[in-house]
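Engineer: Position in the sequence shown counted from 1, then plus 35, gives you the working numbering.
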Amino acid sequence: MSPHSNESDHGINDPDVQTGQPGLPSAEGLLAGTLALMTGYAQGCCAEHRELMAKKIIANLHMLSQLHVVSPAFRSVSMNLHALWVQQLQQQQDESDPPTAPALAQAAQQGQPPSNFSTPRNNVLWHTAPEILQ
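1. Sort ILE92, ARG110, GLY79 and TYR76 by Cα distance to THR69 and report the nearest one.
2. Report the three-state DSSP secondary structure of ILE167 (helix, strand or coil).
3. Compute the Euclidean distance between the alpha carbons of ALA82 and ALA118, then round it to the nearest angstrom.
4. What's the C-alpha gap between PHE152 and VAL104?
5. List the endpoints of the continuous alpha helix (DSSP H) containing SER100.
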C-alpha cells in the first residue's frame with residue numbers, strides 16, 4: 036500500500052516490479068498500449084491514421100520481442116507478430132500506391148481496373164456497438 040493512500044498501489048512501488056531502466060515502458064504497459072493500438076487499427080476509418088498506427092504497432096512489437104523480462108515463448112510470438120505486421124503494412128502501402136499510366140491504359144483496354152486500383156475499404160466491425168450499456 037502506498038503510505039499516502041488507503042488504496043493498494045498494485046505493487047507499482049514494489050522494488051521487484053521496478054526492474055527496468057527508468058523511463059522505459061514496462062512489458063505490461065507496452066503490451067497494453069500495443070493492444071489498444073491494434074483495436075484502434077481494426078476500427079480505424081482513414082488510411083493515413085491506420086498506417087501511422089501500424090508503424091507504432093510494429094515498433095512496439097519489436098520492443099516486446101527484445102525484452103529480457105518476458106519468456107522466450109513471448110518473445111517468439113512478438114517476433115512473429117512483428118513480421119506479420121510488417122508484411123501487412125507493406126501490402127497496405129503497395130495497394131495504396133496510385134496506378135501508373137501504363138497500368139491504367141492496359142486496364143482501360145481490358146475494361147478492368149488495374150490490380151493495384153485502390154477502392155475505399157469497408158471497415159465493418161465484427162459486431163455492432165450496443166445502444167445502451169448496462
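Glycine is no exception: its CB is placed at the ideal position from the N, C-alpha and C atoms.
Structural biologist: On the basis of the data shown:
1. ILE92
2. coil
3. 20 Å
4. Bear in mind that a pLDDT of 45 at PHE152, under 50, signals an unreliable position, so the model cannot answer this.
5. 82-101
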